[in-house]
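**Q**
Number of protein chains: 2
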Amino acid sequence: MPFKVSSDLLDQVRTSISVQDDAALKELLVDLHHADVAEILDAINTEEAAYLVLLLDSEQTSEAIMELDEDVREKLLDNLTPEEIADEVEEMDTDDAVDIIAELDEEIQQQVIAQIEDEEHKADIQEMLQYDENSAGGLMAKELVRVKETWTVAGCVREMRRQAEEVTRVHSVYVVNKEDQLIGRLSLKDLLTSDTKTKISEIYIPKVDFVNVNDPAEDVAKLMQKYDLEAIPVVDDQKVLKGRVTIDDIVDFIKEEAEKDYQLAAGISQDVEADDSILTLTRARLPWLFLGLVGGVGAATIMGSFENILERYALLFFYTPLIAAMAGNVGVQSSAIIVQGLANDDVKGSIGNRLLKEMLLAALNGLLLGLALFAFTAIWYGDTRAAIAISISLFAVIVMAGIIGTFIPLFLDKRGIDPAIATGPFITTSNDIFGILIYFWIAKMVLGI
Amino acid sequence: MPFKVSSDLLDQVRTSISVQDDAALKELLVDLHHADVAEILDAINTEEAAYLVLLLDSEQTSEAIMELDEDVREKLLDNLTPEEIADEVEEMDTDDAVDIIAELDEEIQQQVIAQIEDEEHKADIQEMLQYDENSAGGLMAKELVRVKETWTVAGCVREMRRQAEEVTRVHSVYVVNKEDQLIGRLSLKDLLTSDTKTKISEIYIPKVDFVNVNDPAEDVAKLMQKYDLEAIPVVDDQKVLKGRVTIDDIVDFIKEEAEKDYQLAAGISQDVEADDSILTLTRARLPWLFLGLVGGVGAATIMGSFENILERYALLFFYTPLIAAMAGNVGVQSSAIIVQGLANDDVKGSIGNRLLKEMLLAALNGLLLGLALFAFTAIWYGDTRAAIAISISLFAVIVMAGIIGTFIPLFLDKRGIDPAIATGPFITTSNDIFGILIYFWIAKMVLGI
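Structure, rendered in structure tokens:
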């Protein structure tokens with residue numbers, strides 16, 4: 003059953019730390035899953051967390067450290083010496099170790115790496131630090147089970163037992179040739195069912211999906227989702243097997259991407275959380291609000307330039323927030339659908355067709371909403387001409403907002419820019435300004451002023 | 003390497019279908035992954051797709067059908083008889099079979115189920131149809147490898163080989179007692195390394211995570227993510243092993259949830275895609291736009307009630323779109339952070355503390371933005387009093403918007419309502435109205451009118 007860290011347990015841990023009762027702490031925590039240890043490290047203060055990390059077995063704490071939020075982890079590691087950090091890194095899979103080390107200051111990085119005792123682990127980490135964080139090389143772990151095609155099943159099982167001790171989970175067994183190039187995979191079923199003297203070259207499956215170390219993480223995620231893969235081998239340009247990416251890393255990647263897009267749509271520009279400091283949250287939010295401020299000043303300036311009709315048609319000015327809001331809402335809807343479609347490779351056909359469709363869609367929405375607004379304003383204010391002016395403007399603004407909302411993300415995507423930045427404040431602000439401009443133009447035309 | 007369905011291949015498939023060259027079609031498609039077959043089924047028209055489904059092996063097409071979008075699948079199945087659908091369902095894992103059948107009309111459902119020949123499969127499907135779609139029971143598959151504690155390793159391996167033929171991937175081997183209750187799991191490593199005469203009861207691991215058939219899918223997803231599980235067994239209230247949920251289902255679930263939240267934030271109320279029909283898209287978008295329209299009319303009515311100050315302070319009216327936009331932006335930011343925090347179980351502390359923090363944050367943002375707006379308006383219009391009125395109002399509106407944006411999702415969550423509906427148009431519309439109301443009140447006070 004889902005285990006929840008109770009406040010009772012937390013109290014006990016805190017008390018035991020304060021009196022340095024190491025035996026009690028070990029007894030309390032030794033059987034906990036590392037994800038639960040992470041919850042405890044997150045809940046207690048940094049000095050207490052550092053105390054626990056040094057006390058408990060690195061095998062347990064190294065995994066727990068990986069589960070922490072980056073800002074909590076940063077503070078925790080600040081309380082550890084390079085040697086103490088190296089002890090934790092020593093126990094981590096290479097991909098986790100590299101993630102941790104990459105977060106440290108340049109100078110500390112070198113000190114930590116120098117303290118790693120396992121030379122192979124050290125070399126692996128140094129190799130992986132060279133890959134882009136958002137590439138297959140950056141996501142992969144070096145730990146995997148590899149067998150040579152020349153081995154027998156018996157030798158293979160023997161070697162697998164040895165390798166499997168280093169590997170948390172055996173997803174697939176990869177088969178390589180003498181040059182360490184990936185040539186296929188082995189199913190556990192076949193291994194279980196074959197005679198022990200059979201050569202691997204006779205039973206391996208030559209059809210194997212793989213990615214290049216330099217492939218973007220996004221492509222790896224798409225590929226693994228499309229083919230429901232739980233692990234995929236990673237090779238270099240010479241097809242030498244370098245590592246593998248597992249589905250849990252992809253789950254994290256998908257979640258992070260979705261959260262990033264969501265935050266961009268909401269006008270939040272960094273990866274922040276509700277529990278971050280007010281300063282961090284302000285840094286993430288203020289720029290977008292400032293953009294909105296500039297847009298609002300622009301809208302006010304446009305309205306000011308129509309001041310001469312204010313006396314006769316005050317009504318027009320009362321409806322500017324409605325126009326701005328509708329332009330913003332339609333723009334966000336259109337851009338969100340395109341951004342999501344692009345992320346899922348779901349947007350087919352040319353930009354022209356896409357714009358045409360959005361125009362028809364916006365026209366349909368605009369017509370229905372324009373009619374509703376006309377009915378209300380004509381009856382409520384008894385001024386049919388003003389009602390016509392406002393409703394036709396609304397229609398035009400909705401169509402324009404739909405087109406802009408569709409075009410901008412498609413345009414950004416074609417230019418290789420993340421289209422997600424086009425949702426949220428960016429699109430609402432530009433649509434506010436355009437919307438109010440179009441609104442007054444059309445109203446002036448309709449009213450003949 | 004990522005395989006892409008080329009337009010060449012599509013043309014060949016289309017031509018071969020039109021001349022009914024079955025041999026050519028089989029040769030073209032027999033080696034394709036089912037995800038690629040799905041891409042082809044999606045690209046050709048419904049009649050062509052139905053032709054392919056009947057022609058190709060159900061083992062391949064049944065998986066491809068699962069990969070299709072729901073609306074494409076619906077049209078395709080409309081072109082098949084219940085017996086033809088049953089042939090496909092026969093080859094599917096129970097969880098997929100149930101998903102497909104649940105999508106059919108009640109009447110067709112019964113006909114399809116009646117045509118399923120494998121009695122065990124039929125019974126499994128009927129059992130699973132009773133579970134809520136968004137529960138562990140709705141997500142699980144019946145296919146898994148189970149061994150009894152009384153067996154030996156040799157017997158176990160023999161039995162596993164038999165069961166493994168039905169199971170696409172062996173994640174874990176689950177150990178049950180005589181009553182079929184889950185008592186533990188078996189690691190493949192231990193199985194590989196134990197003597198063949200060893201009893202399972204001696205080597206199984208009694209510590210095993212599991213969920214109840216009635217647990218909500220969301221909790222299952224969180225648990226599997228937290229503990230990096232690739233499969234989790236599902237039991238009923240008597241702890242009898244009923245099935246297992248695998249990580250690929252969870253990946254789909256996480257993606258769907260993220261997309262749903264994203265769409266709600268953008269003001270889109272159904273699960274729609276860029277390629278859906280204009281009517282479907284309108285149904286998903288129009289209600290939110292109508293909400294915005296009502297809000298805009300409300301704002302206009304409020305502004306109308308202040309018409310008497312229009313002549314002396316036209317400036318105030320020019321800044322209403324800015325006020326509305328800022329109220330909306332701040333509200334969306336605040337609510338998005340809370341919604342995401344709630345989804346990740348990241349929101350700690352009381353509602354009171356949370357509101358206090360958001361108030362401080364909004365006050366900081368409001369102060370900086372208010373000062374910027376004051377500097378601009380005071381210099382640009384040369385009217386210090388009006389500039390003070392507008393800036394102080396902006397400050398107040400930002401603080402209010404932050405509080406509302408934080409409070410509403412927290413309140414909805416406490417009431418058991420999905421807080422994601424509080425983002426997007428809902429929050430922008432209510433904040434527009436409140437914002438403009440507060441703005442005029444404060445402006446009137448400051449200006450002494």
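Those protein sequence lines, which keep their order, are chains P and A.
When you read off a place in the first sequence, starting at 1, and then add 2, the result is the number in our numbering.
When you read off a place in the second sequence, starting at 1, and then add 2, the result is the number in our numbering.
We treat Cβ as the ideally placed atom computed from N, Cα and C, and that holds for glycine.
Around the C-beta of Ala223 of chain P, are 16 or more other C-beta atoms found within 10 angstroms, so that it is buried, or is it exposed?
**A** On the first sequence, residue 223 of chain P is found 221 positions in, with the first residue counted as 1. Its Cβ being crowded by 16 or more others within 10 Å, Ala223 of chain P is buried.
**Q** Check the Cβ of Asp434 of chain A against every Cβ in chain P and list those closer than 8 angstroms, keeping chain order.
**A** Numbered from its first residue, the second sequence carries residue 434 of chain A at position 432. Simply Pro323, Ala327.
**Q** Taking 9 angstroms as the CB-CB cut-off, is Asp263 of chain P touching chain A?
**A** One-based indexing of the first sequence puts residue 263 of chain P at position 261. Closer than 9 angstroms: yes.
**Q** In whole angstroms, what is the alpha-carbon distance linking Ser203 of chain P and Glu151 of chain P?
**A** For the purposes of this step, residue 203 of chain P is identified with residue 201 of the first sequence, where counting begins at 1. For the purposes of this step, residue 151 of chain P is identified with residue 149 of the first sequence, where counting begins at 1. Their backbone Cα atoms lie some 5 angstroms apart in a straight line.
**Q** Rounded to whole angstroms, what is the Cα-Cα separation between Arg314 of chain A and Gly372 of chain A?
**A** Counting from one through the second sequence, the residue named residue 314 of chain A turns up at place 312. Counting from one through the second sequence, the residue named residue 372 of chain A turns up at place 370. So the alpha carbons of these two residues sit roughly 22 angstroms apart.
**Q** If you reduce the DSSP assignment to three classes, tell me which class Leu30 of chain A lands in.
**A** The residue given as residue 30 of chain A occupies position 28 in the second sequence. Of the three classes helix, strand and coil, the one that applies to Leu30 of chain A here is helix, per DSSP.
**Q** In the DSSP assignment, what residue or residues form a beta bridge with Arg148 of chain A?
**A** The sequence position of residue 148 of chain A within the second sequence is 146, counting from 1. A:Tyr176, per the DSSP bridge assignment.
**Q** When Cβ atoms are compared, which residues of the segment 116 to 130 of chain P fall closer than 7 angstroms to chain A?
**A** Hits within the stretch: zero.
**Q** Can you list, in chain order, the residues of the segment 229 to 256 of chain A whose Cβ is nearer than 7 angstroms to any Cβ on chain P?
**A** Residues passing the 7 angstroms Cβ filter: Tyr229, Asp230, Glu232, Ile249, Asp250, Val253, Ile256.
**Q** Does Ala260 of chain A come out as helix, strand or coil in the three-state DSSP assignment?
**A** Within the second sequence, residue 260 of chain A is the residue found at index 258, counting from 1. DSSP places Ala260 of chain A in helix when its eight states are reduced to three.
**Q** Can you name the residues of chain A whose CB is closer than 9 angstroms to the CB of Val274 of chain P?
**A** Within the first sequence, residue 274 of chain P is the residue found at index 272, counting from 1. The contacting residues are Ile339.
**Q** Does any C-beta atom of chain P lie closer than 9 angstroms to the C-beta of Arg75 of chain A?
**A** In the second sequence, the residue the question calls residue 75 of chain A occupies position 73. False, the Cβ-Cβ gap to chain P never drops below 9 angstroms.
**Q** Any beta carbon from chain P within less than 9 angstroms of Gln335 of chain A's own beta carbon?
**A** Looking up residue 335 of chain A in the second sequence gives position 333. By this cut-off, Gln335 of chain A is an interface position.
**Q** Measuring straight from C-alpha to C-alpha, what distance separates Gln62 of chain P and Val32 of chain P?
**A** By one-based count along the first sequence, residue 62 of chain P stands at place 60. By one-based count along the first sequence, residue 32 of chain P stands at place 30. Distance between the alpha carbons of Gln62 of chain P and Val32 of chain P is about 8 angstroms.
**Q** Going by C-alpha to C-alpha distance, which of P:Ile185, P:Asp44, P:Ala398 sits closest to Asp71 of chain P?
**A** As a first step, residue 71 of chain P is located in the first sequence; it is residue number 69 there, counting from the start. Measuring from the Cα of Asp71 of chain P, the nearest candidate turns out to be P:Asp44.
**Q** Give me the DSSP bridge partner(s) of Val247 of chain A.
**A** Start at 1 with the first residue of the second sequence, and residue 247 of chain A comes out as number 245. Val247 of chain A is bridged to A:Ile234.
**Q** Taking C-beta pairs closer than 9 angstroms, name the residues in chain A that Thr284 of chain P reaches, listed in chain order.
**A** Position 282 of the first sequence, counting from 1, holds the residue named residue 284 of chain P. Ordered by position in chain A, the residues that pass the 9 angstroms Cβ test against Thr284 of chain P are Leu363, Leu366, Asn367, Leu370.
**Q** For Thr408 of chain P, count neighbouring Cβ atoms within 10 angstroms of its own Cβ and tell me buried if that reaches 16, exposed if not.
**A** Counted from its first residue, the first sequence places residue 408 of chain P at position 406. Its Cβ being crowded by 16 or more others within 10 Å, Thr408 of chain P is buried.
**Q** Let me check understanding here. Comparing Cα to Cα, which of A:Val177, A:Val21, A:Gly404 lies closest to Ala433 of chain A?
**A** Within the second sequence, residue 433 of chain A is the residue found at index 431, counting from 1. The amino acid at residue 433 of chain A is misidentified as Ala; the sequence shows Asn. Out of A:Val177, A:Val21, A:Gly404, A:Gly404 has the C-alpha closest to the C-alpha of Asn433 of chain A.
**Q** What does Met305 of chain A touch in chain P if you count any residue whose Cβ is under 8 angstroms from its own?
**A** Numbered from 1 along the second sequence, position 303 holds the residue referred to as residue 305 of chain A. Near Met305 of chain A (Cβ distances below 8 angstroms), the residues of chain P are Phe319, Phe320, Pro323.
**Q** Under 9 angstroms, Cβ to Cβ, is there at least one residue of chain A near Phe428 of chain P?
**A** On the first sequence, position 426 is the one that residue 428 of chain P refers to. Output row for Phe428 of chain P: interface = no.
**Q** Against chain P, with Cβ distances strictly below 9 angstroms, would Lys416 of chain A count as a contact?
**A** In the second sequence, the residue the question calls residue 416 of chain A occupies position 414. So no, Lys416 of chain A is outside the interface.
**Q** Enumerate in chain order the residues of its own chain whose CB-to-CB distance from Ala26 of chain P is below 8 angstroms, with the five nearest sequence positions on each side excluded.
**A** Stepping through the first sequence from its first residue, residue 26 of chain P is reached at position 24. These residues qualify, in order along the chain: Gln14, Ser18.
**Q** Should Ile127 of chain A and Ile103 of chain A be called a contact, given that it needs their Cβ atoms to be closer than 9 angstroms?
**A** For the purposes of this step, residue 127 of chain A is taken as the residue at position 125 of the second sequence. For the purposes of this step, residue 103 of chain A is taken as the residue at position 101 of the second sequence. For Ile127 of chain A and Ile103 of chain A, yes; Cβs fall inside 9 angstroms.
**Q** Using a C-beta to C-beta distance shorter than 7 angstroms, which residues of chain A count as neighbours of Leu375 of chain P?
**A** As a working mapping, residue 375 of chain P is identified with position 373 in the first sequence. Result: Leu295.
**Q** In whole angstroms, what separates the C-alpha of Leu119 of chain P from that of Val247 of chain A?
**A** Taking the first sequence and counting its residues from 1, the one referred to as residue 119 of chain P is at position 117. Taking the second sequence and counting its residues from 1, the one referred to as residue 247 of chain A is at position 245. One point to set straight first is that residue 119 of chain P is Glu, not Leu, in the sequence displayed. About 40 angstroms.
**Q** Note down, in chain order, every chain A residue with its Cβ under 7 angstroms from the Cβ of Ala88 of chain P.
**A** Translated into the one-based positions of the first sequence, residue 88 of chain P becomes position 86. Those do not exist, as Ala88 of chain P stays about 24 angstroms from chain A at its closest Cβ, beyond 7 angstroms.
**Q** Where does the unbroken alpha helix (DSSP H) through Ile435 of chain P begin, and where does it stop?
**A** Taking the first sequence and counting its residues from 1, one reaches residue 435 of chain P at position 433. It spans 427 to 449 - the alpha helix (DSSP H) in which Ile435 of chain P sits, taken as one unbroken run.
**Q** Report yes if the CB atom of Leu318 of chain A is closer than 9 angstroms to the CB atom of Ala424 of chain A, and no otherwise.
**A** Start at 1 with the first residue of the second sequence, and residue 318 of chain A comes out as number 316. Start at 1 with the first residue of the second sequence, and residue 424 of chain A comes out as number 422. Result no, Cβ atoms of Leu318 of chain A and Ala424 of chain A do not sit closer than 9 angstroms.
**Q** Assuming Thr431 of chain A contacts Gly297 of chain A under a Cβ cut-off of 8 angstroms, what Cβ separation, rounded to an integer in Å, is found between them?
**A** Stepping through the second sequence from its first residue, residue 431 of chain A is reached at position 429. Stepping through the second sequence from its first residue, residue 297 of chain A is reached at position 295. Sure, about 3 angstroms apart at Cβ, within 8 angstroms.
**Q** Could you name the residues of chain P that Leu288 of chain A contacts, counting a contact when the two beta carbons are closer than 8 angstroms?
**A** If you number the second sequence from 1, residue 288 of chain A lands on position 286. Chain P residues near Leu288 of chain A: Asn367, Leu370, Leu371.
**Q** With a threshold of 9 angstroms between beta carbons, is Lys359 of chain A in contact with chain P?
**A** What you label residue 359 of chain A is simply residue 357 of the second sequence in a count that begins at 1. Taking Cβ atoms only, chain P reaches closer than 9 angstroms to Lys359 of chain A, which makes this a yes.
**Q** Would you mind giving the Cβ-Cβ distance between Val237 of chain A and Phe212 of chain A, rounded to the nearest angstrom? I have them listed as a contact below 8 angstroms.
**A** For the purposes of this step, residue 237 of chain A is taken as residue 235 along the second sequence, with counting starting at 1. For the purposes of this step, residue 212 of chain A is taken as residue 210 along the second sequence, with counting starting at 1. Contact flag correct, Cβ pair sits at about 5 angstroms.
**Q** Using the Cα positions of Pro4 of chain P and Asp10 of chain P, report the straight-line distance between them to the nearest angstrom.
**A** Within the first sequence, numbered from 1, the residue matching residue 4 of chain P stands at position 2. Within the first sequence, numbered from 1, the residue matching residue 10 of chain P stands at position 8. In this prediction, Pro4 of chain P has a pLDDT of 47, which is less than 50 and means its spatial position is unreliable; nothing more can be read from the coordinates.
**Q** Can you tell me which of P:Tyr176, P:Leu184, P:Thr195, P:Val159 puts its alpha carbon nearest to the alpha carbon of Met162 of chain A?
**A** Position 160 of the second sequence, counted from the first residue, corresponds to residue 162 of chain A. Measuring from the Cα of Met162 of chain A, the nearest candidate turns out to be P:Thr195.
**Q** Answer with yes or no whether the minimum CB distance from Asn136 of chain P to chain A is below 9 angstroms.
**A** As a working note, residue 136 of chain P is residue 134 in the first sequence. Not one chain A Cβ lies under 9 angstroms of Asn136 of chain P.
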